[in-house]
Amino acid sequence: MFADLRMGAGEPGGGPPPATGLFDACFDQWAMGMVTRGFAPVAWGHSWTVQGVVIEPAFASRVQQMADQHRANLQLGHAHNLLEAERFEDAAKIFEGLGMWKEAGEARRHAKRNVVTQVQVDVNGLIDQVRRGGLTTTYACPACHSPIQIGGNTDVRSLTHCQYCGSVIQSTDLVDFLTRVVGYR
Ligand SMILES: [Zn+2]
């Protein structure tokens, strides 16, 4: 087959090229074997070689395309593994590199949802600790500085907004505050 590659490239006296369909399938199979083993075309004079086999530029670009496609597939597989491992930002960067902007956005949105859920769990857990400790504390609204009472009976849902001025209370700020109250930091 390797001899066919050289003759098919149109050297004088090389004889008629083999039937194209058969040749293409054969070439692609050989090239794919090279590509999946990590080899790509290397410039060699006016031609190219893949692992010592000389090929014409037209075929070299085809092997290069296959190599690029193969690399993209590997990266895509890796990105999906990263999503499984919940490494959303790492996955998003790979999607970006592949020009897959929509997938990159989805990965980042997923990361954000996880953070919000985590903070909500933290607030609930901290209120629980306040309850068990029989504590009562006062959080000053960051906007109007009104005193917001927080005790064991406080409904977490009432802490999303200031009851005096209606400002949104950031859960992350609340977590920081309550963590200090229950004496972690
Ligand atoms: Zn307020």
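The numbering of the sequence shown is my numbering, which starts it at 32 and goes up by one.
Built from N, CA and C at the ideal position, the CB exists for glycine as well.
Residue i to residue j, Cα distance in whole Å?
i: Leu-190; j: Glu-117; result: 29 Å
i: Ile-158; j: Lys-124; result: 37 Å
i: Thr-67; j: Ala-91; result: 16 Å
i: Gly-225; j: Gly-183; result: The requested residue 225 does not occur in the structure, where the chain is confined to residues 32 to 216.
i: Gly-136; j: Gly-76; result: 44 Å
i: Ala-122; j: His-111; result: 7 Å
i: Ser-78; j: Gly-128; result: 30 Å
i: Gly-197; j: Arg-139; result: 30 Å
i: Thr-80; j: Gly-69; result: 14 Å
i: Leu-107; j: Glu-115; result: 13 Å
i: Leu-105; j: Leu-113; result: 12 Å
i: Met-63; j: Gln-95; result: 10 Å
i: Thr-185; j: Phe-119; result: 34 Å
i: Met-65; j: Asp-59; result: 10 Å
Assign residue i to one of three DSSP states: helix, strand, or coil.
i: Gln-180; result: strand
i: Ile-86; result: strand
i: Ala-74; result: strand
i: Val-199; result: strand
i: Thr-80; result: strand
i: Arg-68; result: coil
i: Cys-57; result: helix
i: Ala-174; result: coil
i: Ala-116; result: coil
Where does residue i land, buried or exposed, given buried means 16+ other C-beta within 10 angstroms?
i: Val-161; result: buried
i: Leu-205; result: buried
i: Glu-134; result: buried
i: Val-152; result: exposed
i: Ala-56; result: exposed
i: Val-199; result: exposed
i: Ala-89; result: exposed
i: Val-84; result: buried
i: Ala-98; result: buried
i: Cys-175; result: exposed
i: Tyr-6; result: Nothing about residue 6 can be read from this structure; the chain reaches only from 32 to 216.
In the DSSP assignment, the alpha helix (DSSP H) including residue i goes from what residue to what residue?
i: Ser-202; result: 202-212
i: Thr-148; result: 132-163
i: Glu-127; result: 119-128
Measuring only between beta-carbons, confirm whether residue i sits less than 9 Å from chain B.
i: Ala-98; result: The structure shown has no chain B; it contains just one protein chain.
Who does residue i pair with in a DSSP beta bridge?
i: Thr-167; result: Gly-182
i: His-192; result: Val-199
Shell residues, 6 Å Cβ cut-off relative to heavy atoms of ligand 2: Absence of ligand 2 from the depicted structure is noted, with ligand 1 being the only ligands included.
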